[in-house]
Amino acid sequence: MAIEGVILAAGFSSRANAFKMALDFDGRSILQRNIESMYPYCQRMIVVGGYKIDKIKDLTASYNKVEVVFNTDYEKGMFSSVKKGVACVKAEKFFFTPGDYPLITDSILQGLLNAQGQVIIPMFQGRKGHPIMMTKEMIPKILKEPVESNLKVCLQKESITLVEVQEKGILLDVDTMEDYHKAKAYYNKKKNKH
18 MAIEGVILAA
28 GFSSRANAFK
38 MALDFDGRSI
48 LQRNIESMYP
58 YCQRMIVVGG
68 YKIDKIKDLT
78 ASYNKVEVVF
88 NTDYEKGMFS
98 SVKKGVACVK
108 AEKFFFTPGD
118 YPLITDSILQ
128 GLLNAQGQVI
138 IPMFQGRKGH
148 PIMMTKEMIP
158 KILKEPVESN
168 LKVCLQKESI
178 TLVEVQEKGI
188 LLDVDTMEDY
198 HKAKAYYNKK
208 KNKH
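First residue of the sequence shown? That's 18 in this note's numbering, and the numbers climb one at a time after it.
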């Protein structure tokens, strides 16, 4: 079954005081880590850019499955990028995540792939995280939702399959520099265990 990926990378990174998609994470940018985690599973990946679109194009240039789409409405907030990204999906199922989750792993993705449902969300110790897996039936529902809304509101109307995972990485996004250092520390600790 064909699977695609949607990654949001259009935001201003205003809370990070740095362009977080390009921040280094063990030799790759945060956005590249995110792409590479899902790359083996996806026939095609859609990266939604807005702010610093040229930088996004540079970061994704070496991945032939990645298509960068420009969200002209990115200043209206994240849900405008959600809509832009899912509107491009052609596959039966797709992974969806904001681009600032650098700790997505194979076992998280496998857990989502093994589950059944229209909306499948990973959970760690009772908290929901990313990436989310959705079927294409969700696309018209998301597109119908007003731009002032958000994905959470949209998904609340659906029956959701929760998949318990043993990885805190599904919760670790990089909104601030403090988050960035926390995510890196978690990654290094895990890496040194192996």
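Quick reminder that beta carbons are idealized off the backbone N, C-alpha and C, glycines included.
Since this is a predicted model, take the numbers as computed values, not measurements.
- Query: What are the boundary residues of the alpha helix (DSSP H) that includes ILE156?
  - Reply: 155-161
- Message: Can you give me the C-alpha to C-alpha distance between THR192 and MET155, rounded to a whole angstrom?
- Response: Residue 192 is actually Asp in this sequence, not Thr. The alpha-carbon atoms of ASP192 and MET155 are separated by roughly 27 Å.
- Item | Bridge partners - SER46, DSSP secondary structure assignment | ASP41
- Task: Give the DSSP-derived three-state secondary structure of ALA132 in the structure shown.
- Result: Three-state result, ALA132: coil.
- Query: Any contact of the segment 22-38 with the segment 64-72, i.e. 3+ C-beta pairs under 8 Å?
  - Reply: yes
- Do VAL85 and LYS74 have their CB atoms nearer than 8 Å? yes
- Message: MET55 and PHE96 - do their beta-carbons sit closer together than 8 Å?
- Response: Not a contact, by the Cβ cut-off of 8 Å.
- Task: With DSSP collapsed to three states, give me the class of MET18.
- Result: Assigned with DSSP and collapsed to three states, MET18 falls in coil, not helix or strand.
- Query: What does GLY55 pair with, by DSSP beta-bridge criteria?
  - Reply: Looking at the sequence provided, one finds Met at residue 55 rather than Gly. Looking at the DSSP output, MET55 bridges to nothing.
- Residues near ILE187 by beta carbon distance below 7 Å, same chain, minus five either side: Taking C-beta separations shorter than 7 Å and ignoring five residues to either side along the sequence, the partners of ILE187 in its chain run ILE125, PRO139, PHE141, GLY146 and HIS147, following chain order.
- Query: Is ALA26 helix, strand or coil by DSSP?
  - Reply: strand
- At which residues does the alpha helix (DSSP H) containing PHE36 begin and terminate? Unbroken run through PHE36: none, as it is neither H nor E.
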